[in-house]
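Asks: Taking the UniProt record's numbering, the leading residue of the sequence shown gets 1, the next gets one more, and so forth.
By construction, the Cβ of each residue, glycine as well, lies at the ideal position given by its N, Cα and C atoms.
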Amino acid sequence: MSEAGNLGTDKAGAYRVLARKYRPSNFSELIGQEPMVRTLTNAFACGRIAQAWMLTGVRGVGKTTTARILARALNYKTATIDQPSVDLAVLGEHCQAIMEGRHVDVIEMDAASHTGIDDIRDIIERVRYAPVSARYKVYIIDEVHMLSTQAFNGLLKTLEEPPPHVKFIFATTEIRKVPITVLSRCQRFDLRRIDAGALVAHLSSIAGKEGIAVDDDALAMIARAAEGSARDSLSILDQAIAHGSGAVSAEAVRAMLGLADRARIVDLFELVMKGDVAAALAEFRNQYDTGADPAAVLTDLAEFNHLVTRLRFVPTALDDASLSEDERRRGADFAGTLSVRVLSRTWQMLLKGIPEVQSSNRPVSAAEMVLIRLAHAADLPTLDEALKSLEGAAPIANGAPRSNGAPANPGSGGGASAVAQTRMPTTGGGAQTMRLVEAEPMPAAFVPAPEPVAEVPVVPVKSLADIAGLADTHRDIAFKVLIKRCVRPVRIEPGRIDVSLTDDAPKMLLNDLTTKLRAWTGRNWLVSLSKEAGGQTMAEMESTKRENAFLDAKSDPSVAAILARFPGAKIIDVRIPDAPEADDAEADLPVDPAADDEEN
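Shown next as structure tokens:
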């Protein structure tokens, strides 16, 4: 029963929008809020009526309407009933004035325009006086979260111990902004979003009362667009009736809201999953030419992808009244053929692509690029599938020679295995990293063999690596970096070091080396600059080792198979698990430029 049926009609010729005309006037007409209605019904039946209520929920679910119905129930009075009641089938003495918002004892206040302490003081002053004609004086404060901190504090005492003839009903869409001290003094009801099936039934009933012919698909579109809001759904229906000159068709609603045809969305999804880029782009262009918004197309695509994923685990999701017959049938087919990994990958890519389209000044081009990435990814196997196929198709050959002529197993006897790391491009905008453990030991790092020494110092120094180790032990990382970058060994003996320096070496490096060695080893050292070229610096040796590792990784049959399987993939790093990790401060060491040029 509508408000129009219960509470009379407007003057002749005055049109009321559907959201007002069919506003519920009693608890039986509220849709989707059964838990709250049941609680209030039991509370009224046993006389446990609270002094204040807090109603929260998204816009359009019925917070203000519920507040008015609750005020009507508190002040319900007929010729035979004179007590609070939730059975409001018969129009009471105060009912019509309360539902129309003009009863003197039911005060409605919008907190958005009355936020200060002065407005609350006015309420506090007036609560002392008894109601004029009704049983209770009821204060309905909408958007209560907009009150200032002072206003909330001023209301606390009255809210905790109100006079027996006063009731408070608060409504808000931002429950987190309401102080906990206020919430603790109220009974809280969370009004839920209205189920799409319930909205479809509600809209169909109203269309019948209005004598409007409405397609079922159009009702489903309106229910989806309303996102659980009864007021939004009625506003959209009102607009659709005007748009269609009294008749509501699916095509008219689709054009009005800029939506894509749901059947064509399923077609587009199928083309993308097949990897047919040309057909997918053609279908998207056709939808765009008929008025579909690019972001809306991708959003609908994401919703259908979610539906297919959900159907794999919740088959009863097909009972949703907002789904078309095409979505039910083809969605179930996709759920039986597409893997969760593929559906999850598509979902992630769409989640990233939709904001790109919304923020782009060329949304059509941005949407097409998202579809291209989706279709391209559809041809790629998942990481697990690639590894499983490589296990059988490309076994690791331990005896294969390396590209630099060295044997695959150099006989070092070590158990260290190289980790070849490949970067595979993904369509989500980043790169997917895959590590493959090679069952071959890497050659040991080259370290210059020291000359035989006649005596052993207190702290032995036989190579540049020992000097770098001393710097590391004494936490002089900057000096360690200079040693590795700038010093070329010529001769190292106990108490004497002959070196040559690189062109970028600091002028005081040899003096600093003499001073630090004396402090670190407990003996005097003669450090001299030699005219000989000297050997490689430690940084150069590490670079050579890194280059060899890249060559070894590239020649490995398993890594080569991965590079061939994923177009655009390249090797970005090779690590030796048993090797000591590099210090963070050494991140500035020169890296091999071949690392970035190592394409598939």
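Taking buried to mean at least 16 other C-beta atoms within 10 Å of its own C-beta, is residue 582 buried or exposed?
Replies: In this prediction, residue 582 scores a pLDDT of 44, lower than 50, which makes its location untrustworthy; no coordinate-derived value is stated.
Asks: For residue 56, which three-state DSSP category applies?
Replies: The answer is strand: DSSP assigns residue 56 an E or B state.
Asks: Do the CB positions of residue 331 and residue 311 come within less than 8 Å of each other?
Replies: Yes; because the gap between Cβ atoms is below 8 Å, this pair is in contact.
Asks: State the Cα-Cα distance for the pair residue 501 and residue 358, rounded to the nearest angstrom.
Replies: In a straight line, the C-alpha of residue 501 is about 57 Å away from that of residue 358.
Asks: Touch check for the segment 322–341 and the segment 264–276: three-plus C-beta pairs under 8 Å?
Replies: These segments touch.
Asks: For residue 139, does the three-state DSSP call read helix, strand or coil?
Replies: Note: residue 139 maps to strand in three-state DSSP.
Asks: Using the three-state DSSP reduction, which class does residue 44 fall into: helix, strand or coil?
Replies: Here residue 44 sits in helix by DSSP.
Asks: If I measure Cβ to Cβ from residue 301 and keep anything under 8 Å in the same chain, skipping five residues before and after, which residues do I get?
Replies: 265, 268, 269, 272, 350.
Asks: Thinking residue 679 and residue 22 are a contact (beta carbons under 8 Å), I'd like their distance in whole angstroms, please.
Replies: Shown here, the chain extends from 1 to 600; a query on residue 679 therefore has no answer.
Asks: Identify which residue in 231, 368, 316 has its Cα closest to the Cα of residue 279.
Replies: Considering only alpha carbons, the answer is 368.
Asks: Taking the beta carbon of residue 315 as the centre, do at least 16 other beta carbons fall within 10 Å, making it buried, or is it exposed?
Replies: Residue 315 is exposed by the Cβ-count criterion.
Asks: Which ranges would you report for the beta strand (DSSP E) in the UniProt domain "AAA+ ATPase" (49–195) if only whole runs of at least 3 residues count?
Replies: As far as the UniProt domain "AAA+ ATPase" (49–195) is concerned, its whole beta strand (DSSP E) runs of at least 3 residues are 52–56, 106–110, 137–142, 166–172, 187–190.
Asks: Please determine, among 110, 113, 71, 108, the residue with the shortest C-alpha to C-alpha distance to residue 93.
Replies: When only C-alpha atoms are compared, the closest one is 71.
Asks: Taking 8 Å as the threshold, find out whether the segment 520–529 comes into contact with the segment 548–565 through three or more Cβ pairs.
Replies: The segment 520–529, when compared against the segment 548–565, does not touch it at the 8 Å Cβ threshold.
Asks: What residue range does the beta strand (DSSP E) around residue 499 cover?
Replies: Where residue 499 is concerned, the enclosing beta strand (DSSP E) stretches over 496–501.
Asks: Along the beta strand (DSSP E) that carries residue 573, what are the first and last residues, could you check?
Replies: Residues 570–575.
Asks: Check residue 241 in the structure and name its three-state DSSP category.
Replies: Helix at residue 241.
Asks: Whose CA, out of 200, 248, 250, lies closest to the CA of residue 229?
Replies: Comparing Cα-Cα distances from residue 229 to each of 200, 248, 250, the minimum goes to 200.
Asks: Let me confirm a value: residue 119 is counted as buried when at least 16 other C-beta atoms fall within 10 Å, else exposed. Which label applies?
Replies: Buried: at least 16 other Cβ atoms inside 10 Å.
Asks: If you drop the 5 nearest sequence neighbours on each side, which residues of the same chain put their C-beta closer than 7 Å to that of residue 20?
Replies: Contacts found: none.
Asks: Residue 232 to residue 183, Cα distance in whole Å?
Replies: One C-alpha to the other measures close to 28 Å.
Asks: Is the beta carbon of residue 178 less than 8 Å from the beta carbon of residue 136?
Replies: Going by C-beta atoms, residue 178 is not nearer than 8 Å to residue 136.
Asks: In the DSSP assignment, the alpha helix (DSSP H) including residue 251 goes from what residue to what residue?
Replies: 250–257 is the span of the alpha helix (DSSP H), which, as asked, contains residue 251.
Asks: Using a threshold of 8 Å, state whether the C-beta atoms of residue 226 and residue 250 are closer than that.
Replies: No.
Asks: Could you pull out every unbroken beta strand (DSSP E) segment of at least 3 residues lying fully inside the segment 271–337, listed in chain order?
Replies: Counting whole runs of 3 or more residues, the segment 271–337 contains no beta strand (DSSP E) stretch at all.
Asks: Would you list the one or two residues that DSSP bridges to residue 370?
Replies: BP columns for residue 370 are empty, so no partner.
Asks: Check whether the segment 76–90 and the segment 185–200 touch, using three or more Cβ-Cβ pairs below 8 Å as the test.
Replies: Segments in contact, no.
Asks: In the DSSP assignment, the beta strand (DSSP E) including residue 482 goes from what residue to what residue?
Replies: Looking at the DSSP string, residue 482 is not in any beta strand (DSSP E); the run it does join, the alpha helix (DSSP H), is 477–486.
Asks: So residue 288 packs on residue 370, CB below 8 Å; how close in whole Å?
Replies: That belief does not hold up - the Cβ atoms of residue 288 and residue 370 are roughly 13 Å apart, past 8 Å.
Asks: Taking the straight line between their C-alpha atoms, what separation do you get for residue 464 and residue 570?
Replies: Rounded to the nearest angstrom, the two C-alpha atoms are 34 Å apart.
Asks: With 16 as the cutoff for other CB atoms within 10 Å, does residue 202 come out buried or exposed?
Replies: Residue 202 should be labelled buried.
Asks: Between residue 44 and residue 73, how many whole angstroms is the CB-CB distance? I'm expecting something under 8 Å.
Replies: The Cβ separation is near 7 Å, so the contact holds.
Asks: Determine the closest residue to residue 538 out of 224, 146, 132, 469, with distance taken between C-alpha atoms.
Replies: Among 224, 146, 132, 469, the Cα nearest to that of residue 538 belongs to 469.
Asks: Would you please state the rounded distance, in angstroms, between the beta carbons of residue 108 and residue 142? I believe it to be under 8 Å.
Replies: Right, the Cβ-Cβ distance comes to about 7 Å (below 8 Å), so this counts as a contact.
Asks: What do you reckon, are the CB atoms on residue 375 and residue 499 nearer than 8 Å?
Replies: Cβ atoms of residue 375 and residue 499: not closer than 8 Å.
Asks: Please confirm whether residue 256 and residue 239 have their CB atoms less than 8 Å apart.
Replies: Yes. Within cutoff.
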